Amino acid sequence: MQKLWTIARKDIIETFTNRNLLLIMLVTPLAISTIIALAFGNFTGGGAPIENIPVALVNLDEGDTNGFNAGNIFVSAFAPDAASSTDSPNISGECAAVSVSNGASNSISLGDLTAATLLDDPAAAKAGVDAGTYASAIIIPADYSAAMAYTQDNPSINPVPVEVYADSALTVSPQIIRSIAQSIANQILTGQITVAATINTLVTRAQEQVGFGLLFLAASGSGDFQPDFTCAFTPGFNTIQVEQQSLGGDDTGFNPLVLIGSAQAVFFALFTANGGAASVIEERKNGTLQRMVVSPTPRIVILGGKALGVLAIVLLQLVFLFVALSLISGLLYGTFAIWGTNWLLIILLVLMTALAASGVGILTAAVARTSEAANIIGSIVSIFMGVLGGAFFTVDAIPVLQPFTRLSIVRWGSEGFTRLAQGNNDIGLNLLFLGLIGAVLFGFGLFMFNRRQDI
Numbered sequence: 019m020q021k022l023w024t025i026a027r028k029d030i031i032e033t034f035t036n037r038n039l040l041l042i043m044l045v046t047p048l049a050i051s052t053i054i055a056l057a058f059g060n061f062t063g064g065g066a067p068i069e070n071i072p073v074a075l076v077n078l079d080e081g082d083t084n085g086f087n088a089g090n091i092f093v094s095a096f097a098p099d100a101a102s103s104t105d106s107p108n109i110s111g112e113c114a115a116v117s118v119s120n121g122a123s124n125s126i127s128l129g130d131l132t133a134a135t136l137l138d139d140p141a142a143a144k145a146g147v148d149a150g151t152y153a154s155a156i157i158i159p160a161d162y163s164a165a166m167a168y169t170q171d172n173p174s175i176n177p178v179p180v181e182v183y184a185d186s187a188l189t190v191s192p193q194i195i196r197s198i199a200q201s202i203a204n205q206i207l208t209g210q211i212t213v214a215a216t217i218n219t220l221v222t223r224a225q226e227q228v229g230f231g232l233l234f235l236a237a238s239g240s241g242d243f244q245p246d247f248t249c250a251f252t253p254g255f256n257t258i259q260v261e262q263q264s265l266g267g268d269d270t271g272f273n274p275l276v277l278i279g280s281a282q283a284v285f286f287a288l289f290t291a292n293g294g295a296a297s298v299i300e301e302r303k304n305g306t307l308q309r310m311v312v313s314p315t316p317r318i319v320i321l322g323g324k325a326l327g328v329l330a331i332v333l334l335q336l337v338f339l340f341v342a343l344s345l346i347s348g349l350l351y352g353t354f355a356i357w358g359t360n361w362l363l364i365i366l367l368v369l370m371t372a373l374a375a376s377g378v379g380i381l382t383a384a385v386a387r388t389s390e391a392a393n394i395i396g397s398i399v400s401i402f403m404g405v406l407g408g409a410f411f412t413v414d415a416i417p418v419l420q421p422f423t424r425l426s427i428v429r430w431g432s433e434g435f436t437r438l439a440q441g442n443n444d445i446g447l448n449l450l451f452l453g454l455i456g457a458v459l460f461g462f463g464l465f466m467f468n469r470r471q472d473i
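Structure below.
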């Protein structure tokens with residue numbers, strides 16, 4: 019046992035005295051997590067993480083022959099205060115609910131999410147975007163309503179696009195504005211389709227029952243047939259919202275460091291495990307491993323010491339990262355205990371995650387014949403698990419990837435830490451999967467190493 023620990027301790031000391039390795043193991047994941055947290059989180063507290071996005075709105079819509087101006091719906095959504103001075107359609111009452119909700123049962127209006135400025139000149143709006151005054155410019159064409167109007171003379175819907183001109187230097191804000199504008203445009207188009215479908219259905223049924231002539235006389239001679247399609251055109255009936263999820267079980271709102279930080283920590287732990295295991299092959303190449311083998315020390319003790327060193331390095335890395343992420347959260351949000359308060363489950367989850375990551379690294383090194391091949395295979399496996407585990411983007415929006423996410427220890431690890439942060443202690447399946455896959459890969463990797471005759 020003393021020899022086992024001596025071999026492991028030597029690898030631990032070499033790793034944590036290498037500045038280049040420390041940069042990759044510790045500084046890089048912390049920097050990435052912090053940058054993303056600052057980009058998506060509101061560390062001043064309260065409100066939505068992203069708000070007051072500057073938008074230039076140019077409504078050139080001239081309306082249709084019936085006086086309906088769909089462009090004013092954009093004005094009502096983005097600039098409700100200015101909408102009162104326009105000929106906006108009546109979207110009051112229940113049809114006017116356009117809100118942004120968060121997990122703390124609070125809400126802000128779409129006007130709070132954006133800071134819209136009404137302009138008359140599209141060129142001036144685009145110039146403002148180029149100058150950095152606005153994140154995006156929404157330009158509604160003059161024939162926007164007329165092209166979609168469903169009338170007797172024009173029994174077809176021919177929508178024209180709404181132009182969204184965005185600052186190419188920004189990534190998040192323009193996408194939000196584009197999504198909202200597209201959502202409102204889809205709602206307006208849905209409203210026109212609803213009108214057309216309703217009228218066509220009424221006409222068809224009337225022709226089948228009493229004839230078109232009687233329907234025409236009844237409709238023209240009576241003022242009772244006045245259908246109200248207002249709500250069909252209202253953005254409030256479309257789901258335009260930005261949700262803030264409370265991951266701490268309280269009203270503090272979404273803490274990006276929980277999900278992003280845990281995913282990055284597990285992802286970089288895979289690289290550390292692969293690098294540590296590949297060092298065994300490098301020692302074999304240099305002859306160090308062979309000299310250890312011819313000593314009175316059994317082969318399994320040597321390989322076990324190397325594997326124990328990899329496990330200890332990954333475990334120390336994860337502990338440092340989660341402690342550092344807690345400190346960063348305290349500085350940004352004033353909350354240090356972001357992983358919950360069930361310390362037993364937190365410790366078990368860290369141990370099982372370290373075991374699983376180490377098992378992947380040990381098996382990779384056992385399969386590869388050279389350290390270069392081990393690094394390549396390890397990088398591919400790590401990136402594959404990182405993609406499926408949400409280390410780069412949220413895979414929830416890609417249904418085709420959902421069945422494969424269960425193959426990623428990044429997914430199981432980050433999901434477990436997120437649940438603990440939410441106060442949900444139901445992580446038994448996460449612990450079971452991580453522990454099982456870690457034990458199997460760890461043991462199988464050691465077995466394959468021990469069977470190799472070229473050590």
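So the sequence shown is numbered by this note's numbering: it starts at 19 and just counts up by one.
Idealized CB from N, CA, C, for every residue including glycine.
Predicted model only: the values in this text are computed from it and were never measured.
Quiz item: For glutamate 181, which residues does DSSP report across the bridge?
Solution: Ile157
Exercise. May I ask which residues mark the beginning and end of the beta strand (DSSP E) holding valine 45?
Key: Taken as a continuous stretch (DSSP letters only), valine 45 belongs to no beta strand (DSSP E), as it is neither H nor E.
Quiz prompt | Expected contact under 8 Å - CB spacing of valine 428 and valine 284 to nearest Å | solution = 5 Å
Quiz prompt | Pick from Ser297, Pro177, Thr216, Ala145 that is closest to alanine 391, judged by C-alpha positions | solution = Ser297
Quiz item: At what residues does the alpha helix (DSSP H) containing threonine 135 begin and finish?
Solution: Here threonine 135 belongs to no alpha helix (DSSP H); instead the beta strand (DSSP E) covers 132–137.
Self-check item: Which of helix, strand or coil DSSP assigns to serine 117
Solution: Interpretation of serine 117 is limited by its pLDDT of 41, a score under 50 that renders its predicted location unreliable; the figure taken from the coordinates is listed afterwards. Three-state DSSP puts serine 117 in a strand.
Quiz item: Buried or exposed: tryptophan 430, going by 16 or more other Cβ atoms within 10 Å of its Cβ?
Solution: buried
Practice problem: Below 8 Å on the Cβ atoms is my guess for valine 332 versus threonine 382; work out the distance and round it to an integer in Å. | Solution: About 13 Å; that fails the 8 Å criterion.
Quiz item: Would glutamate 80 be called buried (16 or more neighbouring beta carbons within 10 Å of its own) or exposed?
Solution: exposed
Exercise. Could you tell me which residues DSSP pairs with alanine 74 in its beta bridges?
Key: Thr135, Ala155
Exercise. Excluding the 5 residues preceding and the 5 following threonine 140 in the sequence, name in chain order all residues of the same chain whose CB lies nearer than 6 Å to its CB.
Key: At residue 140 the sequence reads proline, which differs from the threonine that was named. Taken in chain order, the residues that qualify are Val76, Ile157.
Quiz item: For isoleucine 445, which three-state DSSP category applies?
Solution: coil
Practice problem: Please check the pair leucine 339 and proline 47, which I expect to be a contact at CB under 8 Å, by giving their CB distance rounded to whole angstroms. | Solution: 6 Å
Self-check item: Inside the stretch 340–423 only - alpha helix (DSSP H) runs reaching at least 4 residues
Solution: 361–385, 389–407
Self-check item: CA nearest to the CA of glycine 434, picked from Met466, Val276, Leu137, Ser376
Solution: Val276
Quiz item: What is the DSSP secondary structure of glycine 85, counted as helix, strand or coil?
Solution: coil
Exercise. For phenylalanine 34, I'd like the list of residues in its chain whose CB is within less than 6 Å of its CB, leaving aside the five on either flank, ordered along the chain.
Key: none
Quiz item: What separation, rounded to the nearest whole angstrom, lies between the Cα atoms of isoleucine 320 and phenylalanine 410?
Solution: 37 Å
Practice problem: Kindly confirm or deny that the stretch 174–186 and the stretch 194–212 touch, where touching means at least three C-beta pairs closer than 8 Å. | Solution: yes
Practice problem: Pull up the CB-CB distance for leucine 438 and leucine 363, whole angstroms please, since I reckon it's below 8 Å. | Solution: 6 Å
Quiz item: Does the stretch 357–371 come close enough to the stretch 443–458 to have 3 or more Cβ pairs within less than 8 Å?
Solution: yes
Quiz item: Measuring CA to CA, which of Asn393, Phe92, Thr219, Ile346 is closest to leucine 288?
Solution: Asn393
Practice problem: Starting from asparagine 292, follow the alpha helix (DSSP H) in both directions and report where the run begins and ends. | Solution: 274–304
Quiz item: Which residue comes first and which comes last in the alpha helix (DSSP H) that contains leucine 438?
Solution: 427–439
Quiz item: Considering only the beta carbon of each residue, do isoleucine 30 and glycine 327 sit closer than 8 Å?
Solution: yes
Quiz item: On the three-state DSSP scale, how would you describe glycine 315?
Solution: Per the sequence shown, residue 315 should be read as threonine rather than glycine. It is coil, neither helix nor strand.
Quiz item: If you compare alpha carbons, which of Ile299, Met403, Gln440, Lys324 is closest to threonine 423?
Solution: Met403
Quiz prompt | Residue environment, serine 432, which counts as buried when at least 16 other CB atoms sit within 10 Å | solution = buried
Quiz item: Whose C-beta lies closer than 7 Å to the C-beta of serine 110 among residues of the same chain, with five residues either side of it excluded?
Solution: Unreliable placement is indicated for serine 110, whose pLDDT of 38 sits below 50; no coordinate value is reported for it.
Quiz item: I think leucine 366 touches glycine 279, with their Cβ atoms under 8 Å apart; what is that distance to the nearest whole Å?
Solution: 19 Å between Cβ atoms; not a contact.
Quiz item: By Cβ distance below 7 Å, which residues in the same chain neighbour aspartate 268 in space, the five residues on each side in sequence not counted?
Solution: Residue confidence for aspartate 268 is low, a pLDDT of 42 falling below 50, so the modelled location carries little weight; the figure read from the coordinates is stated next. Cβ within range, chain order: n/a, list empty.
Quiz item: Out of Val378, Thr436, Thr208, Ala165, which has the shortest C-alpha to C-alpha gap to isoleucine 395?
Solution: Val378
Quiz item: Cβ-heavy atom distance between threonine 135 and the ligand MN below 7 Å?
Solution: The ligand MN is not among the ligands present in this structure, which contains no ligands whatsoever.
Exercise. Would you decide whether isoleucine 202 is buried or exposed? Buried here means 16 or more other CB atoms lie within 10 Å of its CB.
Key: buried
Practice problem: Leaving aside the five residues before and after leucine 425 along the sequence, list all residues of the same chain whose C-beta is less than 7 Å from its C-beta, in chain order. | Solution: Leu406
Self-check item: Local Cβ density within 10 Å of asparagine 70, reported as buried at 16 or more and exposed below that
Solution: exposed
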